[in-house]
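Engineer: Heads up: the sequence shown begins at 63 in the working numbering, then just goes up one per residue. Glycine residues also receive a C-beta, built at the ideal position from the N, C-alpha and C atoms.
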Amino acid sequence: MTRTSSGITRLWNPVALLVIADSAVIFGSFYLAAWLRFGMELDAALRGLGPMLPRAIAFSVFVMLGLVATGMYRGRQRPRLWEAIARVIVAVGIGGFGDILFFYAFPGLDTGRGVLTIAMFLACVALSVTRVLLLRVFDFNPVKRRILVFGAGEVASYISVLRRRADRRRFEIVGYMLIDESDRSAAEKRGLDNLLPLTTDIDDLDVDEIVVALDNRRGSFPTTRLLKQKFRGVPVVDIVEFLEAETGKIDLDVLYPGWLVFANSCHTDAAFRAVKRFSDVAIGSMLLLLTTPLVMLAVLAIWIEDGPRAPILYRQKRVGRGGKHFSLFKFRSMCIHAESESGAVWSRKDDDRITRAGKVMRRFRLDELPQLWNVVRGDMSIVGPRPERPEFVDKLKDAIPLYDYRHCVRPGLSGWAQLNYPYGASVADAREKFKYDLYYIKNTNVMFDLFILLQTIEVVIWGRGISMAGARDPDGLLPPNHSDAQLQLFSQQKQKQDPGPDLQQELKQELKEEGV
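Structure below.
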């Protein structure tokens with residue numbers, strides 16, 4: 063929550079409200095289920111089950127974990143009705159399975175099949191209704207944070223082209239403060255509206271936050287005015303931090319020299335690195351053990367289709383922590399000598415070079431199970447930026463600022479970029495994914511890693527590159543009702559991000575060879 067002079071408590075974080083609402087609904091569903099199961103007599107339920115509170119808490123915790131695992135707490139989610147309901151059903155199913163395991167381990171807290179079944183049904187109905195209603199309320203939230211932007215140049219324009227209602231659930235723009243009145247014409251061409259002269263009295267605007275978005279800070283930084291508002295209790299943030307918080311990534315186009323040097327990260331903490339490495343070994347070893355039946359099935363499927371002498375694995379050089387190379391392992395999912403048979407053809411949907419076993423493995427990411435061995439032996443982590451081939455790293459370092467910074471951590475099986483951005487085959491796509499990698503490196507902690515790991519279940523269930531945030535729009539930064547000025551600005555930004563077609567073609571060839 064944040065201060066407002068009008069006395070209204072403005073909506074700060076819709077995700078936090080979703081968590082609170084969902085917890086209350088799940089908790090209430092369990093009590094209602096017990097009440098219905100025992101003839102609408104709560105005393106009878108207490109006699110039949112025992113204390114209700116620990117049982118209701120256990121049920122709520124497991125269903126909430128299921129909601130996280132199915133991507134229901136993405137900050138900018140925009141699900142269709144059927145998709146929201148489907149994900150709620152899967153989440154409650156995961157929660158119910160977790161409850162069964164919990165009650166098996168602690169039989170003294172068992173609720174019985176009747177209460178659990180009714181509670182799961184009620185939770186599905188109640189969560190579906192509240193989820194749809196709350197997301198609609200968030201989209202048209204009348205009490206968003208009121209943001210004043212100091213600046214009306216190219217840097218400030220990155221706020222104006224945030225595209226969807228879901229991107230603006232938490233704020234509304236009061237206006238853009240012109241540092242120089244002569245810049246008004248250029249600002250209007252960029253599609254900025256609500257332009258305010260520098261003489262405007264900020265106290266009269268009733269703002270909740272000020273974002274500093276100046277193209278040039280030398281000689282024009284309004285220190286006195288900003289300090290006055292900060293002392294009044296109005297938060298003052300930099301454009302980099304604002305976009306980071308609202309988009310879940312760090313925009314390279316608004317970074318200024320030295321910003322990343324002073325940014326805090328848990329990866330500089332030796333204790334965190336030790337805990338992360340211990341967790342990688344423990345989780346990797348446990349998953350290797352638990353997935354042994356799946357590994358055997360994958361090997362058997364490959365042998366049945368291609369014969370017992372067919373290669374099971376393939377290895378490929380990738381770049382790891384500190385720029386060191388390592389061999390990444392995968393199950394082979396394409397036919398042998400795919401390139402010689404098909405020629406120079408890009409991989410596509412229903413590619414006939416992918417084997418029948420490979421299609422199943424790719425759909426559920428079983429082809430990546432051998433990488434657990436990479437995790438155990440220290441080449442990779444469970445969570446981190448996905449590793450790239452050395453040939454591409456050398457070229458992307460020249461095309462994308464700070465790209466080599468992603469190698470300050472171990473690459474991962476799953477990562478923040480994989481949850482938020484689909485596969486791509488251009489420098490612009492690599493650049494966009496790198497923004498999410500930077501965000502992860504800067505903000506990582508144990509809970510963030512756990513959050514990413516749980517949401518990886520969503521990718522496995524619903525398919526690669528599909529998430530509640532929606533698939534990537536080719537005009538990804540544009541709002542639904544964009545103006546011609548915003549369209550022109552976006553085109554210019556895309557041209558700046560993409561240095562040319564040569565590396566794009568090589569990336570596409572690489573994705574083709576990997577069968578993506």
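With distances taken between CB atoms, is the gap from I209 to E303 smaller than 8 Å?
Structural biologist: Cβ atoms of I209 and E303: not closer than 8 Å.
Engineer: Take the Cβ of S395 as the centre, count every other Cβ of all protein chains shown within 10 Å, and call the residue buried at 16 or more, exposed below.
Structural biologist: The residue in question, S395, is buried, as its Cβ has 16 or more Cβ neighbours within 10 Å.
Engineer: Any contact of the segment 378 to 389 with the segment 469 to 484, i.e. 3+ C-beta pairs under 8 Å?
Structural biologist: Yes: at least three Cβ pairs fall under 8 Å.
Engineer: Per the DSSP calculation, H387 is bridged to which residue(s)?
Structural biologist: Per DSSP, V381.
Engineer: Hey, is L171's beta-carbon within less than 8 Å of any beta-carbon in chain D?
Structural biologist: Considering every chain present, this structure includes no chain D. It has just one protein chain.
Engineer: Looking at L267 and V236, is the spacing between their C-beta atoms short of 8 Å?
Structural biologist: Yes, Cβ-Cβ distance for V236 and L267 is below 8 Å.
Engineer: What do you reckon, are the CB atoms on V152 and I523 nearer than 8 Å?
Structural biologist: Against a cut-off of 8 Å, the Cβ pair of I523 and V152 comes out as a contact.
Engineer: Buried or exposed for D491, please, with buried defined as at least 16 other CB atoms from any protein chain shown within 10 angstroms of its CB.
Structural biologist: Buried: at least 16 other Cβ atoms inside 10 Å.
Engineer: Measuring alpha carbon to alpha carbon, tell me which of T354, G215 and R207 ends up nearest P432.
Structural biologist: Nearest option by C-alpha distance: T354.
Engineer: Could you tell me which of A181, Q291, W144 and L428 sits nearest to D161, measuring between CA atoms?
Structural biologist: Of the listed residues, the one whose Cα sits closest to D161 is A181.
Engineer: Can you tell me where the beta strand (DSSP E) holding E271 begins and where it ends?
Structural biologist: Start and end: E271 to V274.
Engineer: G237 lies in the beta strand (DSSP E); which residues open and close that run?
Structural biologist: Here the beta strand (DSSP E) through G237 covers F233 to M239.
Engineer: Helix, strand or coil: how does DSSP classify D441 here?
Structural biologist: Correct three-state label for D441: coil.
Engineer: Could you give the C-beta distance for R276 and F212, rounded to a whole number, given that I count them as a contact under 8 Å?
Structural biologist: Checking the sequence, you will find Leu at residue 276 rather than Arg. Rounded, the Cβ-Cβ distance is 7 Å, consistent with contact.
Engineer: Based on the DSSP secondary-structure assignment, which residues constitute the bridge partners of V299?
Structural biologist: V273, per the DSSP bridge assignment.
Engineer: Taking Cβ positions, are V81 and V125 nearer each other than 8 Å?
Structural biologist: Against a cut-off of 8 Å, the Cβ pair of V125 and V81 comes out as no contact.
Engineer: With a threshold of 16 other CB atoms inside 10 Å of the CB of Y318, please say whether the residue is buried or exposed.
Structural biologist: Classification for Y318: exposed.
Engineer: If I measure Cβ to Cβ from L184 and keep anything under 7 Å in the same chain, skipping five residues before and after, which residues do I get?
Structural biologist: Same-chain partners within the cutoff: S91, L94 and A95.
Engineer: Kindly indicate which residue of K504, T132 and A131 has the alpha-carbon position closest to the one of V323.
Structural biologist: The candidate whose alpha carbon is nearest that of V323 is K504.
Engineer: Return the first residue and the last residue of the beta strand (DSSP E) that R207 is part of.
Structural biologist: Start and end: R207 to F212.
Engineer: M348: buried (16+ other C-beta within 10 angstroms of its C-beta) or exposed?
Structural biologist: Classification for M348: exposed.
Engineer: Less than 6 Å between C-beta atoms, sequence neighbours within five positions excluded: which residues of the same chain meet that for D441?
Structural biologist: Closer than 6 Å at Cβ, skipping near neighbours: G382 and F388.
Engineer: Which residue's Cα is closest to the Cα of F283: D300, V296, K497 and R294?
Structural biologist: Of D300, V296, K497 and R294, the residue nearest in Cα terms is D300.
Engineer: If you draw a straight line from the alpha carbon of P116 to that of V130, how long is it in whole angstroms?
Structural biologist: Near 21 Å, if we compare the C-alpha coordinates of V130 and P116.
Engineer: How is H544 classed by DSSP in three states: helix, strand or coil?
Structural biologist: A caution first: H544 carries a pLDDT of 43, below 50, which makes its placement in the model too unreliable to give a value.
Engineer: Excluding five sequence neighbours on each side, which residues of the same chain lie with their C-beta closer than 8 Å to the C-beta of N256?
Structural biologist: Cβ within range, chain order: I235, V236, G237 and Y238.
Engineer: Any idea what DSSP makes of Y166, helix, strand or coil?
Structural biologist: Reduced to three states, the DSSP call for Y166 is helix.
Engineer: Determine whether the beta carbon atoms of M423 and F393 lie at a separation below 8 Å.
Structural biologist: Cβ atoms of M423 and F393: closer than 8 Å.
Engineer: Considering only their Cβ atoms, is the gap separating L428 from L375 smaller than 8 Å?
Structural biologist: Not closer than 8 Å, so no.
Engineer: Nearest-angstrom Cα distance between V489 and K495?
Structural biologist: Whole-angstrom Cα-Cα distance: 10 Å.
Engineer: Applying the 10 Å Cβ sphere with the 16-neighbour rule, what's the burial state of L260?
Structural biologist: L260 should be labelled exposed.
Engineer: With 16 as the cutoff for other CB atoms within 10 Å, does P536 come out buried or exposed?
Structural biologist: In this predicted model, P536 has a pLDDT of only 35, less than 50, meaning its place in the structure is not dependable enough to derive any value.
Engineer: Is it right to say N326 is buried, meaning 16 or more other beta carbons lie within 10 angstroms of its own, or is it exposed?
Structural biologist: With fewer than 16 other Cβ atoms within 10 Å, it is exposed.
Engineer: For the beta strand (DSSP E) that contains G474, what are its first and last residues?
Structural biologist: Run containing G474: G474 to S476, per the beta strand (DSSP E) assignment.
Engineer: Taking the C-alpha atoms as reference points, what is the distance between I241 and Y465?
Structural biologist: When rounded, the distance between both Cα atoms is 33 Å.
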